[in-house]
Amino acid sequence: MAEVLAKKEELADRLEKANEEAIASAIAEEEQLTREIEAEENDIEIDNESEFSASIGSGSMSFSGMSMDWNEVLADYEARESWRQNTSWGDIVEEEPSRPPGHGIHMHEKLSSPSRKRTIAESKKKHEEKQRKAQQLREKLREEKALKLQKLLEREKDVRKWKEELLEQRRKMMDEKLLHAEFKREVQLQAIVKKAQEEEAKVNEIAFINTLEAQNKRHDVLAKLKEYEQRLNELQEERQRRQEEKQARDEAVQERKRMLEAERQARVEELLMKRKEQEARIEMQRQEKERAREDAARERARDREERLAALTAAQQEAMEELQKKIQLKHDEGVRRHLEQIEQRKEKAAELSSGRHASTDYAPKLTPYERKKHCTLCGVMISSEVYLFSHIKGKKHQLTVRENSSIQGRELSDEEVEHLSLKKYIVDLLVETPVPVEPVKDEEKQKNKKKVKKLKTRINSKVKEYEGVLEAKTPVSDSPYKAKLQRLTKDLQKQLQTQDNGAWATNKVSALDRALGEISRILEKQNASDQISFRAAGGLSVVEQILQMVTPISNSSTRVPFKSVCNAVNIYILTCSTCPENCTYVLMSSKITFLLELLIQQLLLVVPDDEKSTFVRSLNKQVFDGLTTGLLQLLSKIFACLTTLYPLESGQTDIIKIKADAKTKLSAADAFSGRIQDIISYTINIGLIDKLSGCFISVQGPLDESPKVAAFLQAATTLLHELCRLCISVTSSSGDIFESNQDPTGLSTALRSSDLVGVLHMLYCALFHNFSTEPTVSSSKETYEQNTIQVAIQSLRFLNSFATLHLQSFQSVVGAEGLSLAFRHVISTLIWFCTQYTCEDLLHEIIVCVGYFTVNHADNQVIVQSGRHPTVLQKLCQLPFQYFSDSRLVRLLFPTLISACYNNPQNKLILEQELSCQLLATFIQVWRWKSEQRPGWL
Numbered sequence: 001m002a003e004v005l006a007k008k009e010e011l012a013d014r015l016e017k018a019n020e021e022a023i024a025s026a027i028a029e030e031e032q033l034t035r036e037i038e039a040e041e042n043d044i045e046i047d048n049e050s051e052f053s054a055s056i057g058s059g060s061m062s063f064s065g066m067s068m069d070w071n072e073v074l075a076d077y078e079a080r081e082s083w084r085q086n087t088s089w090g091d092i093v094e095e096e097p098s099r100p101p102g103h104g105i106h107m108h109e110k111l112s113s114p115s116r117k118r119t120i121a122e123s124k125k126k127h128e129e130k131q132r133k134a135q136q137l138r139e140k141l142r143e144e145k146a147l148k149l150q151k152l153l154e155r156e157k158d159v160r161k162w163k164e165e166l167l168e169q170r171r172k173m174m175d176e177k178l179l180h181a182e183f184k185r186e187v188q189l190q191a192i193v194k195k196a197q198e199e200e201a202k203v204n205e206i207a208f209i210n211t212l213e214a215q216n217k218r219h220d221v222l223a224k225l226k227e228y229e230q231r232l233n234e235l236q237e238e239r240q241r242r243q244e245e246k247q248a249r250d251e252a253v254q255e256r257k258r259m260l261e262a263e264r265q266a267r268v269e270e271l272l273m274k275r276k277e278q279e280a281r282i283e284m285q286r287q288e289k290e291r292a293r294e295d296a297a298r299e300r301a302r303d304r305e306e307r308l309a310a311l312t313a314a315q316q317e318a319m320e321e322l323q324k325k326i327q328l329k330h331d332e333g334v335r336r337h338l339e340q341i342e343q344r345k346e347k348a349a350e351l352s353s354g355r356h357a358s359t360d361y362a363p364k365l366t367p368y369e370r371k372k373h374c375t376l377c378g379v380m381i382s383s384e385v386y387l388f389s390h391i392k393g394k395k396h397q398l399t400v401r402e403n404s405s406i407q408g409r410e411l412s413d414e415e416v417e418h419l420s421l422k423k424y425i426v427d428l429l430v431e432t433p434v435p436v437e438p439v440k441d442e443e444k445q446k447n448k449k450k451v452k453k454l455k456t457r458i459n460s461k462v463k464e465y466e467g468v469l470e471a472k473t474p475v476s477d478s479p480y481k482a483k484l485q486r487l488t489k490d491l492q493k494q495l496q497t498q499d500n501g502a503w504a505t506n507k508v509s510a511l512d513r514a515l516g517e518i519s520r521i522l523e524k525q526n527a528s529d530q531i532s533f534r535a536a537g538g539l540s541v542v543e544q545i546l547q548m549v550t551p552i553s554n555s556s557t558r559v560p561f562k563s564v565c566n567a568v569n570i571y572i573l574t575c576s577t578c579p580e581n582c583t584y585v586l587m588s589s590k591i592t593f594l595l596e597l598l599i600q601q602l603l604l605v606v607p608d609d610e611k612s613t614f615v616r617s618l619n620k621q622v623f624d625g626l627t628t629g630l631l632q633l634l635s636k637i638f639a640c641l642t643t644l645y646p647l648e649s650g651q652t653d654i655i656k657i658k659a660d661a662k663t664k665l666s667a668a669d670a671f672s673g674r675i676q677d678i679i680s681y682t683i684n685i686g687l688i689d690k691l692s693g694c695f696i697s698v699q700g701p702l703d704e705s706p707k708v709a710a711f712l713q714a715a716t717t718l719l720h721e722l723c724r725l726c727i728s729v730t731s732s733s734g735d736i737f738e739s740n741q742d743p744t745g746l747s748t749a750l751r752s753s754d755l756v757g758v759l760h761m762l763y764c765a766l767f768h769n770f771s772t773e774p775t776v777s778s779s780k781e782t783y784e785q786n787t788i789q790v791a792i793q794s795l796r797f798l799n800s801f802a803t804l805h806l807q808s809f810q811s812v813v814g815a816e817g818l819s820l821a822f823r824h825v826i827s828t829l830i831w832f833c834t835q836y837t838c839e840d841l842l843h844e845i846i847v848c849v850g851y852f853t854v855n856h857a858d859n860q861v862i863v864q865s866g867r868h869p870t871v872l873q874k875l876c877q878l879p880f881q882y883f884s885d886s887r888l889v890r891l892l893f894p895t896l897i898s899a900c901y902n903n904p905q906n907k908l909i910l911e912q913e914l915s916c917q918l919l920a921t922f923i924q925v926w927r928w929k930s931e932q933r934p935g936w937l
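According to UniProt numbering, the sequence shown is numbered sequentially starting from 1.
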């Protein structure tokens with residue numbers, strides 16, 4: 001019975017062990033399948049890894065075209081250890097086989113790859129074929145991985161089912177084992193009872209057995225003693241034999257040592273002999289080289305003497321030629337000096353005859369070293385332009401005529417000019433410092449409070465907008481979505497791991513590499529790529545990089561300047577022609593950070609406490625790529641926001657704004673209110689004043705300063721887009737004569753800053769070399785493309801400001817000083833457009849003159865004054881297509897009508913140049929079209 005139970009129990013244990021092993025195997029297989037599935041999924045997600053990464057970690061090294069394991073390398077090194085110990089460097093050098101001359105070139109040509117001998121076309125074709133095959137292989141591999149993943153998923157399902165069956169089987173076996181244990185317990189109790197009965201019989205048997213064992217033990221002990229004595233004798237003999245063998249081995253070792261020492265001595269003597277021979281050979285080679293060096297030195301000394309002789313002769317000849325040139329220049333200088341003396345004599349004759357140089361010539365806008373003062377009008381005059389403009393002004397001439405008369409008759413214009421210069425215009429001997437006005441301090445405090453209030457109002461709606469944005473964000477179908485997310489995460493990780501202080505070179509390289517990859521993707525100007533980059537948090541990461549910008553005066557910048565410029569470029573590419581991203585920048589208040597960063601950069605050139613002396617100590621670093629990039633970025637954002645107007649039902653989904661329940665404003669009104677707040681914020685933080693200081697600081701040409709030209713172009717573009725955006729938000733109709741209220745304060749800021757000094761900058765840039773108009777002084781002078789682009793953007797800004805507030809534009813440009821500068825600038829640019837084709841510039845000039853003269857009698861006088869041909873005459877002398885092409889006629893004729901409306905003198909000039917019947921016909925046609933189709937204009 002016990003054997004049956006034991007066998008049954010053994011069989012149950014085997015089944016249980018097999019079941020446990022099967023369960024463990026199922027669990028291990030399930031885990032292995034899970035890891036394989038995860039690996040396959042990762043491989044499918046990252047299937048565009050380079051083949052180079054797959055080849056890394058192969059665990060084998062290639063030496064001379066054959067693979068070797070590290071153990072093999074170690075074994076080879078140990079095998080050659082004895083050879084290295086027994087061989088000297090001299091033997092190694094002598095064993096090296098000699099190579100014939102030209103062996104390296106022959107082997108290079110022999111082993112050169114055939115691909116280097118291919119043509120560019122063959123290489124390109126082969127590269128394209130490789131790329132196509134690689135693409136097919138990648139597709140096939142991707143399908144195989146997908147099929148393998150499906151099989152692994154099915155296998156995982158089968159393994160889980162098998163594991164559940166095994167667990168159920170184990171539960172049943174445990175139940176059977178419990179029943180068998182109960183039965184076994186009862187059988188064991190019965191066996192114990194039976195064993196107790198048999199125990200007494202065994203005790204007697206044990207006592208008898210113990211007696212026999214004691215006798216046997218005594219006999220065994222005696223036998224073992226005899227064996228011990230015999231073993232001791234054998235050990236003594238063995239020890240003696242080993243001692244004799246040891247002595248024999250020691251003698252053999254001593255003999256071998258003597259032989260090795262003799263061999264070593266022989267080898268040392270041989271090495272010493274070889275060393276002596278080598279030293280003798282080296283000494284002989286050194287002596288030969290020394291003799292060759294001495295010969296070469298003598299040859300060089302001889303060549304040097306010959307060259308010195310030739311150089312001395314050439315210098316003598318050049319000296320004679322230079323003396324001739326100096327004499328020619330001296331004669332030319334004497335001639336120019338005599339001509340200047342003649343010009344001064346003519347000017348002195350004009351002054352002595354009661355006349356002064358007229359405004360036909362372009363006066364200088366450079367500030368006087370010592371300012372002038374009109375004692376009659378109480379006006380400070382800072383430059384020659386303001387002097388001529390003030391003398392020609394109606395107010396000054398009327399005051400002079402009232403205070404002076406000659407025998408009761410009215411003074412002529414020349415007499416008024418002469419009298420003003422002789423009597424009323426005086427130099428200030430001591431310039432009195434301008435007292436600080438408390439009103440300005442109050443305005444500064446008021447502006448600070450308003451900026452704080454505007455920023456609070458802007459930030460109050462950020463969280464609400466972000467919630468709406470997350471709820472309405474569409475899924476982007478960009479093919480670079482995953483790559484953009486990965487690059488954004490890499491940038492975020494680099495910024496988080498960077499400590500304070502300068503960046504390491506490897507981190508800068510990684511940062512530039514990531515920014516470069518993002519830039520290359522966004523350069524395609526795909527809207528889905530731009531939205532994907534913004535959705536991945538790219539703009540926030542770029543903003544973190546820009547937050548690390550330190551002042552330019554601090555040399556230890558945390559982020560390299562090049563990386564910051566790359567970040568700004570990525571910001572521009574993200575927002576360019578993308579209304580969704582521009583709206584996000586506006587509504588998430590990121591635009592306030594950009595404006596504050598721009599002000600921070602501009603404060604370096606126009607500090608608040610040094611406004612009087614910033615022109616002389618201009619920090620040229622303000623014209624760097626960062627400041628220009630920020631201006632371009634803001635221009636792109638404002639231009640893109642302008643394109644959203646007028647807001648329609650389809651565009652409200654782009655701005656993603658809900659109607660305000662508290663103020664009962666629609667989504668479009670809330671969006672317009674946010675734009676008005678941003679414009680007001682831009683003005684109140686002082687951006688207009690800083691840009692005005694930068695424009696006024698330009699006192700020379702732009703052709704040799706491309707960075708300055710780029711900065712000015714970006715700044716004027718920003719002002720132009722700011723005016724256009726303000727017009728889109730505040731103007732209810734397109735009528736420029738309608739006096740619209742400007743709640744943003746932009747028109748007031750531009751009017752108080754004299755159009756941000758744009759006219760001042762244009763005048764200095766165009767007339768830095770001309771004492772008169774270029775048509776008279778130097779017909780060969782022209783302007784580079786940088787200057788022309790700045791002029792185009794400046795005129796676009798003036799035209800947009802005229803559209804925003806016409807009366808302010810006419811009053812500022814027609815004021816004393818600026819009116820004369822405006823006339824010279826327009827006249828010179830029209831001359832340039834007639835000499836060199838520049839249609840965009842000419843069109844902006846025509847529109848600007850029209851805005852300048854429409855319904856303004858004083859400004860109409862300005863365009864017909866000055867040296868002939870005047871501005872009005874130059875407009876009448878434009879090419880024939882401006883009077884025949886309908887598109888150009890619609891551009892030119894309204895300007896001519898504006899210049900002559902209610903002005904008989906201008907009308908008379910116009911009649912001398914062209915037929916007024918053309919203008920009358922134009923007016924009739926357009927009036928008839930407007931009556932037939934109202935609102936067509």
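All residues carry an ideal CB built from backbone N, CA and C; glycine is no exception.
Which residue comes first and which comes last in the beta strand (DSSP E) that contains residue i?
i: D427; result: 425-427
i: M380; result: 379-381
Looking only at C-alpha atoms, which of the options sits nearest to residue i?
i: K444; options: G686, I675, I678, Y645; result: G686
i: E9; options: E182, R249, E29, L153; result: E182
i: residue 1012; options: T312, V541, L484, R307; result: The requested residue 1012 does not occur in the structure, where the chain is confined to residues 1 to 937.
For residue i versus residue j, is the C-beta distance shorter than 8 Å?
i: S478; j: D512; result: no
i: H760; j: I696; result: yes
i: S588; j: E466; result: yes
i: P894; j: G850; result: yes
i: L630; j: L594; result: yes
i: I788; j: E844; result: no
i: C565; j: G625; result: yes
i: Q810; j: F767; result: no
i: L515; j: I570; result: yes
i: M173; j: L15; result: yes
i: S808; j: H720; result: no
Between residue i and the rest of its own chain, which residues show a CB-CB distance below 8 Å, the 5 nearest in sequence each way excluded?
i: T34; result: E156
i: G333; result: none
i: V889; result: Y882, F883, F922
i: L454; result: D677, S680, Y681, N684
Is it buried or exposed, residue i, if we count other Cβ atoms within 10 angstroms and call 16 or more buried?
i: F208; result: exposed
i: D742; result: buried
i: T211; result: exposed
i: L908; result: exposed
i: R674; result: buried
In its own chain, which residues sit with a C-beta less than 7 Å from the C-beta of residue i, not counting the 5 before and 5 after it?
i: R616; result: Caution is warranted here: a pLDDT of 42 is assigned to R616, below 50, making its placement in the model unreliable, and no coordinate value can be reported.
i: A714; result: T628, L631, Q632, S635
Over what stretch of residues does the alpha helix (DSSP H) that includes residue i continue unbroken?
i: A749; result: 746-752
i: R890; result: 886-900
i: P579; result: 579-587
i: K707; result: 706-730
Who are the near neighbours of residue i in its chain, counting only those whose CB is closer than 6 Å to its CB and skipping five residues on each side?
i: K274; result: G90
i: K450; result: N684
i: K562; result: none
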